[in-house]
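Letter 54 of the sequence shown, counting from 1, is numbered 54 in full-length UniProt numbering, and no numbers are missing. Note sheet for the following structure.
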Amino acid sequence: MAETLLIMRHGEARAGSPDPARELTDRGHREAARMAAWLAGRDDLDLSRLRLLTSPYRRAQQTAEHIADALGVTA
């Protein structure tokens, strides 16, 4: 059985420094929530096999939280 790999970039992030601490903008949260809803609505994903991996950067963590909440998995 072939594995499915989905790669997603974080939502829009605020400017600033240090780079790892940059957070999502309001728009970035909306983008991540929209992607999470799209993923949750798919019927071709086997959620029992889903693994959610993310960068330690704050904006990536925030994006992953949206995805995890929508799919009922741990980020």
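We put the CB at the ideal spot given by N, CA and C, even for glycine.
DSSP places Gly28 in the uninterrupted alpha helix (DSSP H) bounded by Asp26 to Ala40. Residue environment analysis places Gly11 among the buried positions, since at least 16 neighbouring C-beta atoms fall within 10 angstroms of its C-beta. For Ala60, the uninterrupted alpha helix (DSSP H) segment begins and ends at Arg58 to Leu71. Per the coordinates, the alpha-carbon of Ile7 lies some 23 Å from the alpha-carbon of Ala15. A Cβ-Cβ distance of about 14 Å is found for the pair Arg22 and Ala32, leaving them out of contact under the 8 Å criterion.
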